[in-house]
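Asker: Submitted below is the structure of interest, expressed as structure tokens.
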Amino acid sequence: MAEKKRWKTKPLECWTKAKEVTKTHFSSITTAHERGELASLWGLGIESGHGIAIESGFGNTCHSIAGEHYAGHSANLGSSEEFVEAAEARGYARDVCAYMRVNLGSMYLNKYVFGGPYPKVDFVARTHQCDTHAKWALAEAEFLKVPYHCVETVEGYQFDSAQSQKNKVDYLIGQTLDAIEWMEKTT
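In structure tokens:
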């Protein structure tokens, strides 16, 4: 039997800095309006690539909460159960995405996990990659009474043919251009 090799473990050396950067990011949204900047609930797909291009158009003047990241930090800080229960009290079943329920619960309770009330935002923009994304963003926008835009993304990078690839790329480009036009009007 081969001997198992054990790797020495140690705490992540940059963990303190990572927590500092995270707190700065999530706190910047609460003071964005004081600086004359935008605040948003944002989920325009870093994973799909086009969100980076759109978001970079704002420079550093649009501060956002990305739902999945906020929910993860809420869990890490011990608030996810309270937030999930608040969403469930509003009719969101337990089989609905936990990220969604954490975010909506935080919003419904008007309680921001990093302190103070839930941030006031200028708009909600989201990519739609799973069944809940578009409805989640719509629920946020309706509750907060702010403009809403959703982009349906192309799932994965699998193409059956060159024509399929062209169709998907053209579709994504068209939606991205629509999103830019919407943001120009909205912001």
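Take the position in the sequence shown, starting the count at 1, then add 281; the result is the number in our numbering. C-beta atoms are modelled at their ideal positions from N, C-alpha and C, and glycine is treated no differently. These numbers come from a predicted model, not from an experiment.
Residues in the same chain with beta-carbon distance under 7 Å from residue 431, minus the five sequence neighbours each way, listed in chain order, please.
Answerer: 407, 409, 415, 418
Asker: Would you call the CB atoms of residue 321 and residue 355 closer than 8 Å?
Answerer: no
Asker: Starting from the C-beta of residue 382, find all residues in its chain whose C-beta is less than 6 Å away, skip the five residues before and the five after it, and write them out in chain order.
Answerer: The beta carbon of residue 382 lies closer than 6 Å to those of 365, 368, 373 in the same chain, with the five residues before and after it left out.
Asker: Starting from residue 407, trace the beta strand (DSSP E) in both directions and tell me its first and last residue.
Answerer: 404-409
Asker: If you reduce the DSSP assignment to three classes, tell me which class residue 321 lands in.
Answerer: strand
Asker: Can you tell me the Cα-Cα spacing of residue 434 and residue 464, whole angstroms?
Answerer: 17 Å
Asker: So, at 6 Å on beta carbons, what are the nonlocal neighbours of residue 358 in its own chain, with the 5 sequence-adjacent residues on each side left out?
Answerer: 394
Asker: Three-state secondary structure (DSSP) at residue 469?
Answerer: No answer is possible for residue 469: the residues shown for the chain start at 282 and end at 468.
Asker: Of the residues 440, 420, 442, 378, which one's Cα is nearest the Cα of residue 411?
Answerer: 378
Asker: When you compare each of 451, 452, 396, 468 to residue 403 by their alpha carbons, which one comes out closest?
Answerer: 468
Asker: Answer yes or no: does any C-beta atom of chain C fall closer than 8 Å to that of residue 322?
Answerer: Among the chains of the structure shown, chain C does not appear; only one protein chain is present.
Asker: Determine which residues share a DSSP beta bridge with residue 295 and list them.
Answerer: Per DSSP, none; premise fails for residue 295.
Asker: If residue 380 sits next to residue 421, beta carbons under 8 Å apart, how far is it from one beta carbon to the other, in whole angstroms?
Answerer: The Cβ separation is near 12 Å, so there is no contact.
Asker: Are there 16 or more other CB atoms within 10 angstroms of the CB of residue 290, so buried, or fewer, so exposed?
Answerer: So residue 290 counts as exposed.
Asker: Ignoring anything shorter than 3 residues, give me the beta strand (DSSP E) runs that lie fully in the stretch 329-400, in order along the chain.
Answerer: Secondary structure within the stretch 329-400: the beta strand (DSSP E) runs of 3 or more consecutive residues, fully enclosed, are 343-346 (chain order).
Asker: If you draw a straight line from the C-alpha of residue 400 to the C-alpha of residue 285, how long is it?
Answerer: 50 Å
Asker: So, helix, strand or coil for residue 301, using DSSP?
Answerer: helix
Asker: Under 8 Å between the Cβ atoms of residue 351 and residue 384?
Answerer: yes
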